[in-house]
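Chemist:
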Amino acid sequence: KEKKDRVAVLSFGTRLHEALIAANEVEEKDPDIAVTVADARFMKPLDIDMIRELADENGVLITVEEGSIGGFGDHVLHFLTLDGALDDGKLKVRPMVLPDSYFEAGTQQEQY
């Protein structure tokens, strides 16, 4: 498959299972798209070798996390920018994050 038809999903945190399900659904819906799912495992230090490989081999890189703006996805985007991976405009990066807003949460007692 051409690079433009390859998508990488880089999952951080507890959303790996859902990322794998979504990847399978995309490939079933459109067999021309190949989706690779990778588990980031940790935020610091970034696994820059894995991120470089995903950026080099795919036309789209999606980061998935349970954080808001300023988290893992931004850390990856910052690295890719400094590394020059976005200079030719061929890699699209899309972070999937929670909304950057306050939301109601239960007390600690209610949550546990």
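Each step along the sequence shown adds one to the number in the UniProt record's numbering, with nothing skipped, and position 81 is 81.
For glycine and all other residues, C-beta sits at the position ideal for the given N, C-alpha and C.
Quantities reported herein were computed from a predicted structural model and do not represent experimental measurements.
#1: Taking the C-alpha atoms as reference points, what is the distance between V35 and L61?
#2: Short check: CB of A19 to CB of V7, under 7 Å?
#3: Measuring alpha carbon to alpha carbon, tell me which residue in G89, F79, S68 is nearest P45.
#4: Determine the extent of the alpha helix (DSSP H) in which K29 is found, giving its start and end residues.
#5: What is the residue span of the beta strand (DSSP E) that A38 lies within?
#6: Below 8 Å on the Cβ atoms is my contact criterion, and I expect R41 with D83 to pass it. Report the Cβ-Cβ distance as a whole number of Å.
#7: So for I62, helix, strand or coil by DSSP?
#8: Apart from the five residues just before and just after L16, which ones in its own chain have a Cβ nearer than 6 Å to its Cβ?
Modeler: Looking at the coordinates:
#1: Cα to Cα, V35 sits roughly 10 Å from L61.
#2: no
#3: F79
#4: 16-29
#5: Taken as a continuous stretch (DSSP letters only), the beta strand (DSSP E) holding A38 covers 34-39.
#6: About 20 Å; that fails the 8 Å criterion.
#7: Assigned with DSSP and collapsed to three states, I62 falls in strand.
#8: Here the set comprises D39.
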